[in-house]
Every structure is written in structure tokens, then in C-alpha cells.
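> One structure is given below, represented as C-alpha cells, and several questions about it will come after.
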């Protein structure tokens with residue numbers, strides 16, 4: 128077991144600091160990692176004391192009581208130098224911590240990821256990937272919001288980043304890569320897609336061509352590449368659709384006693400499904416291409432989700448993700464496409 | 128009851144011609160509309176004969192046996208002048224029919240809608256709208272695939288088209304209009320959104336600002352405007368997510384006898400939900416801003432879905448949709464934004 132150390136933002140998230148700190152305690156026990164618990168020092172210490180963990184050398188409290196709220200502008204974090212996110216990112220930048228985990232303001236996590244932790248060599252723009260569930264496994268959608276108005280060469284990099292994530296972290300061999308568009312054939316789509324397609328063909332990726340919206344949850348591709356504007360909207364629309372479906376089914380069930388009983392019998396199956404579908408179970412969304420792992424978890428992350436996010440951060444290190452990523456960018460993208 | 132006449136493409140769709148012709152028969156009986164049944168004349172006549180409707184003057188067979196398959200390029204329809212779609216669209220162009228309904232190749236229906244039926248006065252680009260379900264009602268998403276690489280002034284027109292659809296056809300008063308982006312505040316999003324936002328503020332629309340992906344199924348807006356590239360991907364991803372969820376829940380249910388029994392008891396509630404969520408129940412997706420109603424139904428449309436699509440085409444006419452649309456474009460969009 129490696130002795131990694133991570134900065135854990137204990138201010139961000141709906142259930143901060145309690146569930147965040149608890150997640151840190153779980154991760155430290157289970158994986159032996161050192162955690163810098165960055166946030167309101169007094170509150171964190173109180174939680175550690177109650178848990179009998181105060182003084183545990185693997186759980187170091189770093190006082191940074193300021194927070195970047197969900198309503199605040201992401202860039203405000205770069206001015207809030209006493210915020211837990213800024214302080215956490217600085218610990219990474221200075222080499223004290225080897226990664227950052229936060230359930231806070233997504234945009235703000237991205238901002239410190241891009242500007243404080245910084246981009247890995249060869250990576251022009253770090254991107255966020257999410258592993259979406261499908262009946263056969265998982266599909267990586269990249270980028271889901273770190274970049275808008277991407278250029279074709281950025282999408283090519285996202286493809287290689289997604290390929291590396293699928294292969295090294297999700298264990299998918301020779302991932303099938305698709306370019307998100309609105310028609311299967313080359314030449315279908317908007318200008319960005321039309322310009323990106325021939326570039327992707329020149330790479331060493333297992334590029335199968337355009338993917339359509341219906342491929343996202345169908346398991347027909349392992350990696351689907353898109354600009355962050357589109358990816359972010361898909362991700363949030365999917366979440367919202369899930370919630371709406373549950374809500375509407377509940378309304379229908381309320382109308383019938385028999386249906387209520389049926390729903391009760393179905394509960395274990397539905398919970399098991401929810402676990403599969405809930406990406407927080409899998410450790411959140413990584414900002415890929417940053418110098419060190421930066422993991423964004425859902426705002427509603429509980430202790431278990433935080434523990435899983437820390438686990439994933441460890442996997443990025445133990446699998447030498449960044450080393451492979453830089454190799455892949457150099458090997459899979461021809462020189463003329465790279466710049 | 129008005130005596131409208133419509134061209135019905137009897138070649139397009141998974142269940143063509145049987146379910147299409149049956150849908151036409153239902154619509155003619157229920158609404159008194161005349162239908163040009165355009166397609167393989169012999170097959171259509173055989174179905175009419177079996178149904179005892181051969182010779183019914185409201186059901187006129189127009190022989191156009193060629194078809195544009197789902198795999199064919201949409202633009203190929205413009206060369207296939209004997210295809211049911213082309214012949215149907217020409218009936219509309221010549222004023223014999225007052226609208227076109229098809230379950231065929233969506234791109235090909237769009238092509239004949241834009242180039243044969245043509246755009247209404249003041250409309251620069253017709254757009255497709257879909258009324259998506261949410262727990263409180265419906266949200267119109269526009270454009271979902273008729274246009275890519277739209278300019279800001281196109282999105283402004285889409286907003287007015289969506290507003291008119293929501294108000295005149297769905298009966299939503301003073302519809303709340305949102306601009307799809309990846310952040311709530313003005314200034315969030317890509318270049319297109321940043322340029323469109325100030326233009327929308329200048330219109331007479333009830334413009335509430337940016338909508339996010341999560342608003343699409345949340346009922347927080349009545350009309351959400353986007354480029355067709357994004358809208359199409361959202362629509363198809365949503366459908367695919369729905370299918371994947373059903374598939375994954377079924378897998379879970381298979382694992383337990385109790386869950387199977389529960390699912391059985393839930394069936395009526397689930398079917399009632401499915402009806403609400405299935406937009407084919409509501410008569411398909413209209414190409415708005417064409418000179419006459421052009422309705423695209425799902426490829427899997429059955430007789431009932433076809434009947435509903437024909438009903439919606441009639442509503443566009445009886446509600447004077449196009450007259451109101453032209454008025455709205457002139458009244459709600461300031462001169463300087465229009466060109």
C-alpha cells in the first residue's frame with residue numbers, strides 16, 4: 128500500500144464538514160492515506176474528537192475557514208486565498224499533497240485545478256470526464272464542463288485523455304472512441320465536429336467515427352468526446368431527467384394502493400439499480416490532465432462517496448495515470464495535429 | 128369542424144405502411160380531415176380494402192412507391208422525386224394539402240420541409256421543437272436538430288417560435304423563456320450564448336435568463352432555446368437514457384421473484400407514466416416556421432401516434448399558428464436584432 132497524501136476540502140458540499148471529515152477518516156483507515164483536512168479547523172477538530180481520531184497523524188487539520196459557496200462565481204476562489212479550496216490546491220502545488228478532493232462549487236474546483244494545480248506537460252486543456260452507466264458497462268463522456276468553444280485539436284486531446292482514463296482507470300482495453308455529433312457519417316455535424324473528424328482519423332486511437340446522442344447510454348462506445356458546453360448540459364439534463372422520472376413515477380404510484388405495495392416489493396431492485404447508476408458511488412468526476420489528481424464529487428456526497436473519491440485519486444497515482452497520459456499524447460497524436 | 132387536408136407519408140416508419148394508413152383512417156373518422164395517402168399505391172389500397180375504406184373520398188391514394196430509408200442521406204430525398212416524402216411535400220407546396228406528416232427519415236422530412244414546403248415569411252430558419260415532460264407540465268426545447276452552427280439572431284427567432292408554440296398550441300400563457308447554457312448568470316456559457324443573451328433581453332419575450340441542463344426536465348422554464356446540435360444530442364441522449372434505465376431495472380428485477388411480483392403490481396402506474404413521458408403520444412415533433420405544418424413522428428409510430436400527429440397538424444391550422452408566429456416575430460423582436 129502506497130502512502131499517498133491528499134488535500135480534502137472540508138468546507139465544500141451540502142453535508143460539509145461532517146460527512147467530508149467522516150469520508151476522510153474512512154479512507155485513511157481503509158487505504159492508509161494521509162489526509163490534510165482543509166477547512167474550519169475548530170469544526171473539523173470537534174468531529175475528529177467525537178470520532179476518537181484527534182491526534183491521528185494521518186489526519187492533519189489545516190485551518191482555512193473561508194469557503195466558496197455554490198452561488199459564488201468560480202473565479203472568486205482565486206482571490207479567496209484563505210478558502211479551503213485555494214489552500215488545498217496550494218498544498219498540492221507545493222508537493223505536500225498529491226491530489227485534491229472537493230464536493231464544493233464545481234467551477235471553483237476547476238479553477239484551482241487549472242490555475243493552481245496546473246496542467247500536466249503536453250496537456251493544453253485539462254478536461255472533466257464522467258463514466259456514465261449503460262446496460263453493458265460504462266461510457267466515458269469527456270469534456271463535461273471544463274472547456275467551452277474548444278478547437279478541433281482540443282477535442283483530439285480530450286479523446287486521448289478519455290482513452291487513457293478508460294484504459295488505465297476503468298480497465299477497458301483498446302477503448303472504442305466516438306466523436307459526439309448528430310449523424311453517423313463523416314461530414315455530419317457542426318463545423319467543430321467536421322474539422323475534428325479527419326484529425327481523429329490520423330491518431331492512433333481506436334476511433335470508430337461519430338457517436339450520436341443515443342449512443343451515450345447504449346454502450347456502443349467506451350469514450351465519447353465533445354466540447355464541455357455540450358457535455359455539461361447532457362450531464363445535468365440526464366440527472367434532471369432521472370429525478371423527474373422518479374418524481375413522476377412516484378406521483379403515479381401514489382394513485383394506487385396496489386402500486387404502492389408493488390413499489391415496496393421492488394425497493395431492493397431499485398436501490399441496486401440506483402447504486403449502479405449513481406456516479407458518486409464511483410468516486411466522482413476527475414479533472415483529467417491536471418498535474419495531480421483533482422476529483423470533484425457531487426455536492427450531495429456523503430462519507431462513502433468521499434471515501435470512494437479519495438480511493439480514485441489514489442488509483443490515478445498507483446496506475447501512473449499522468450505518465451501514461453503524456454506518453455499517449457506523444458504517441459497517439461501525430462505531430463502536425465498536436466499544435 | 129374544419130375540412131383540412133394533409134399529405135401522409137405512408138412509406139416512412141418502422142410500421143409502414145399498415146400502422147400509418149390505419150392512423151390516417153382513424154384521423155379521418157375522428158376529425159373529418161381529408162388525407163392524401165402517399166406511398167406504395169397497391170399496398171395502401173390493400174389495407175384500405177381490408178378496412179372497408181377503399182373508395183372513401185376522404186382517403187385519397189397517391190402512388191409514390193419510392194422511399195427514403197433511415198440509412199439514406201437526408202438530402203437524397205431532393206433527388207428522389209418519386210419518393211412519398213417528395214410527392215407529399217409537393218402536394219403541400221401546390222396547395223392541395225395543408226400539411227405533411229411523416230414517420231420516416233427525420234433528416235429527409237426536414238429537407239423537404241425546408242426546401243419544398245419552404246419557410247414562412249419573416250422566418251429565417253425553421254426549427255424543430257419538442258415538448259418534453261416534467262413533473263409540472265411540459266418544457267419546449269427548440270431547436271432539436273434542424274440547424275447547426277446557428278447565429279445569435281437565429282436563436283432569438285427560435286425563442287419567438289418556441290414562445291408561439293408554447294402559447295398557441297400548448298396553451299401556456301406568457302411562457303418563461305430560457306437560453307440553454309452552463310451557468311445561470313449572464314456571461315456564462317460559450318460565445319454563441321454570450322452574444323445571444325443581450326439580444327434576448329431586448330425582445331418582448333418573458334426572458335428569464337440562462338437555463339442549465341438541469342432545468343430541462345425540472346419545469347423551471349416553459350421554453351428553452353439552443354442550437355440544434357445541442358438540442359438534438361439532448362433529445363437522443365434522453366431517449367437512450369430512458370431505455371437504459373428500463374433495461375437496467377429489468378435486469379435487477381429478474382434477480383428476484385418478489386421484485387417480479389412488485390413490478391407486476393406497478394405495471395398500470397408505469398404505463399400511465401410512460402404515456403406522459405412518451406412524446407409520440409402528443410403527436411410528434413413539429414418543424415416550426417415552415418409555410419405549412421410539417422410533423423415528424425417517431426420512427427416507431429403506431430396508428431394512434433399517427434392519428435395524434437395529424438390532430439396536431441390540424442391544431443396548427445385552427446389556431447392560426449403561422450399568422451401569430453409572423454406577428455410575434457414582428458412585434459417581439461426589435462428591428463435591429465432581426466437582421
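Chains as they are written, first to last, in our numbering: chain A, 128 to 466; chain B, 128 to 466. Beta carbons are placed, not taken as given, at the ideal position from N, Cα and C, and that holds for glycine.
Using three-state DSSP, classify residue 167 of chain A as helix, strand or coil.
Within the first chain, numbered from 1, the residue matching residue 167 of chain A stands at position 40. Coil.
> Measure the Cβ-Cβ separation of residue 244 of chain A and residue 427 of chain A and say whether it is below 7 Å.
Position 117 of the first chain, counted from the first residue, corresponds to residue 244 of chain A. Position 300 of the first chain, counted from the first residue, corresponds to residue 427 of chain A. Result no, Cβ atoms of residue 244 of chain A and residue 427 of chain A do not sit closer than 7 Å.
> What whole-angstrom Cβ distance do residue 282 of chain A and residue 268 of chain A have, given they're in contact under 8 Å?
Taking the first chain and counting its residues from 1, the one referred to as residue 282 of chain A is at position 155. Taking the first chain and counting its residues from 1, the one referred to as residue 268 of chain A is at position 141. Going by Cβ atoms, the distance from residue 282 of chain A to residue 268 of chain A rounds to 13 Å, so no, they are not a contact pair.
> Determine, using beta carbons only, whether residue 276 of chain A comes closer than 7 Å to chain B.
The sequence position of residue 276 of chain A within the first chain is 149, counting from 1. So yes, residue 276 of chain A belongs to the interface.
> What distance in whole Å lies between the Cβ atoms of residue 415 of chain B and residue 253 of chain B, which are believed to be in contact at a cut-off of 8 Å?
In the second chain, counting from the first residue as 1, residue 253 of chain B sits at position 126. In the second chain, counting from the first residue as 1, residue 415 of chain B sits at position 288. Right, the Cβ-Cβ distance comes to about 6 Å (below 8 Å), so this counts as a contact.
> Would you mind reading off the limits of the beta strand (DSSP E) that contains residue 440 of chain B?
Position 313 of the second chain, counting from 1, holds the residue named residue 440 of chain B. Looking at the DSSP string, residue 440 of chain B is not in any beta strand (DSSP E); the run it does join, the alpha helix (DSSP H), is 430 to 445.
> Within the same chain, show all residues whose beta-carbon is closer than 6 Å to that of residue 162 of chain A, passing over the 5 residues directly before and after it, in chain order.
Your numbering for residue 162 of chain A matches position 35 in the first chain. Here the set comprises 133, 135, 151, 155, 186.
> Note down the Cα distance separating residue 380 of chain A from residue 389 of chain B, rounded to an integer number of angstroms.
As a first step, residue 380 of chain A must be located in the first chain, where it is residue number 253. As a first step, residue 389 of chain B must be located in the second chain, where it is residue number 262. One C-alpha to the other measures close to 12 Å.
> By the 10 Å Cβ neighbour count, where 16 or more other Cβ atoms means buried, how is residue 284 of chain A classified, buried or exposed?
By 1-based counting over the first chain, the position of residue 284 of chain A is 157. Buried, because 16 or more other Cβ atoms sit within 10 Å of the Cβ of residue 284 of chain A.
> For a test of the three-state rule: what should DSSP assign to residue 252 of chain B, helix, strand or coil?
Here residue 252 of chain B refers to the residue found at position 125 when the second chain is read from its first residue. In this structure, residue 252 of chain B counts as coil in the three-state DSSP scheme.
> Helix, strand or coil, according to DSSP, for residue 224 of chain A in the structure here?
By one-based count along the first chain, residue 224 of chain A stands at place 97. It is coil, neither helix nor strand.
> Along chain B, in chain order, which residues have C-beta atoms closer than 7 Å to that of residue 363 of chain A?
Within the first chain, residue 363 of chain A is the residue found at index 236, counting from 1. 339, 340, 341, listed in chain order.
> Considering only residues of the same chain and omitting the five flanking positions on each side of residue 191 of chain A, which have a CB-CB separation below 7 Å?
Stepping through the first chain from its first residue, residue 191 of chain A is reached at position 64. Correct list, in chain order: 165, 166, 209, 210, 211, 214.
> In whole angstroms, what separates the C-alpha of residue 265 of chain B from that of residue 455 of chain A?
Against the second chain, residue 265 of chain B aligns to sequence position 138. Against the first chain, residue 455 of chain A aligns to sequence position 328. Spanning the two alpha carbons is a distance of roughly 46 Å.
> For residue 316 of chain B, go through chain A and note every residue whose CB falls closer than 9 Å to its CB, in chain order.
Counted from its first residue, the second chain places residue 316 of chain B at position 189. Neighbours of residue 316 of chain B on chain A, chain order: 275, 356.
> What is the rounded straight-line gap between the Cα of residue 146 of chain A and the Cα of residue 140 of chain A?
Translated into the one-based positions of the first chain, residue 146 of chain A becomes position 19. Translated into the one-based positions of the first chain, residue 140 of chain A becomes position 13. Residue 146 of chain A and residue 140 of chain A: Cα-Cα distance of roughly 9 Å.
> Tell whether a beta-carbon distance below 7 Å holds between residue 255 of chain B and residue 238 of chain B.
Within the second chain, numbered from 1, the residue matching residue 255 of chain B stands at position 128. Within the second chain, numbered from 1, the residue matching residue 238 of chain B stands at position 111. Contact: no.
> Determine the closest residue to residue 461 of chain B out of B:327, B:251, B:276, B:311, with distance taken between C-alpha atoms.
Mapped onto the second chain, residue 461 of chain B falls at position 334. When each option's Cα is compared against that of residue 461 of chain B, the closest is B:327.
> Residues bridged to residue 259 of chain B by DSSP?
As a first step, residue 259 of chain B is located in the second chain; it is residue number 132 there, counting from the start. For residue 259 of chain B, which the question treats as bridged, DSSP gives the partners B:266.
> For residue 216 of chain B and chain A, any beta-carbon pair shorter than 7 Å?
As a position in the second chain, residue 216 of chain B is number 89, starting the count at 1. Not closer than 7 Å to any Cβ of chain A, the Cβ of residue 216 of chain B fails to qualify, so no.
> Between which two residues does the alpha helix (DSSP H) containing residue 126 of chain A stretch?
The structure shown does not extend to residue 126 of chain A, since chain A is modelled only from 128 through 466, so no value can be given for it.
> Have a look at B:308, B:250, B:318 and flag the residue whose alpha-carbon is nearest the alpha-carbon of residue 277 of chain A.
Along the first chain, one-based indexing puts residue 277 of chain A at 150. The shortest C-alpha separation from residue 277 of chain A is found at B:318.
> Could one say the Cβ of residue 261 of chain B lies closer than 7 Å to chain A's Cβ atoms, at least one of them?
For the purposes of this step, residue 261 of chain B is taken as the residue at position 134 of the second chain. Closer than 7 Å to some Cβ of chain A, the Cβ of residue 261 of chain B qualifies, so yes.
> Below 8 Å on the Cβ atoms is my contact criterion, and I expect residue 270 of chain B with residue 355 of chain B to pass it. Report the Cβ-Cβ distance as a whole number of Å.
Walking along the second chain from the start, residue 270 of chain B turns up at place 143. Walking along the second chain from the start, residue 355 of chain B turns up at place 228. About 4 Å; that satisfies the 8 Å criterion.
> For residue 461 of chain A, does the three-state DSSP call read helix, strand or coil?
Your numbering for residue 461 of chain A matches position 334 in the first chain. Coil.
> As a quick exercise: from B:316, B:350, B:247, pick the residue whose alpha carbon is nearest that of residue 298 of chain B.
For the purposes of this step, residue 298 of chain B is identified with residue 171 of the second chain, where counting begins at 1. Comparing Cα-Cα distances from residue 298 of chain B to each of B:316, B:350, B:247, the minimum goes to B:350.
> For residue 224 of chain B, which residues of its own chain have a beta-carbon under 6 Å away from its beta-carbon, when the five flanking residues on both sides are left out?
By one-based count along the second chain, residue 224 of chain B stands at place 97. The answer, listed in chain order, is 132, 133, 134, 163, 218.
> Give the straight-line distance between the Cα atoms of residue 372 of chain B and residue 348 of chain B, rounded to the nearest whole angstrom.
By one-based count along the second chain, residue 372 of chain B stands at place 245. By one-based count along the second chain, residue 348 of chain B stands at place 221. Going by the C-alpha atoms only, they are around 25 Å apart.
> Quick one: which chain B residues come within Cβ less than 8 Å of residue 386 of chain A?
On the first chain, residue 386 of chain A is found 259 positions in, with the first residue counted as 1. Here the neighbours are 392, 393, 395, 396.
> To be precise: take each residue of the segment 194 to 208 of chain A, compare its Cβ to all Cβ atoms of chain B, and keep it if any distance is under 7 Å. Which residues remain?
Cβ contacts with chain B: none found.
> Taking the continuous beta strand (DSSP E) assigned at residue 132 of chain A, which residues delimit it?
The residue labelled residue 132 of chain A in the question sits at position 5 within the first chain. Here the beta strand (DSSP E) through residue 132 of chain A covers 132 to 136.
> Quick one: list the residues of chain D neighbouring residue 359 of chain B, beta-carbon separation under 7 Å, in chain order.
The chain inventory of the structure shown lacks chain D, comprising the protein chains A and B.
> Looking only at its chain, what residues have a beta carbon closer than 7 Å to the beta carbon of residue 279 of chain A, apart from the 5 residues adjacent to it on each side?
Working through the first chain from its first residue, we reach residue 279 of chain A at position 152. Cβ within range, chain order: 319, 322, 323, 326.
> Going by Cα to Cα distance, which pick from A:449, A:459, A:457 is closest to residue 247 of chain A?
For the purposes of this step, residue 247 of chain A is taken as the residue at position 120 of the first chain. Of the listed residues, the one whose Cα sits closest to residue 247 of chain A is A:449.
> Could you round the C-beta distance between residue 360 of chain A and residue 309 of chain B to whole angstroms and report it? I think they count as a contact, below 8 Å.
In the first chain, the residue the question calls residue 360 of chain A occupies position 233. In the second chain, the residue the question calls residue 309 of chain B occupies position 182. Yes, residue 360 of chain A and residue 309 of chain B are in contact; Cβ-Cβ is about 6 Å, under 8 Å.
> Taking 7 Å as the CB-CB limit, is residue 371 of chain B close to chain A?
Working through the second chain from its first residue, we reach residue 371 of chain B at position 244. Answer yes: the Cβ-Cβ gap between residue 371 of chain B and chain A drops below 7 Å somewhere.
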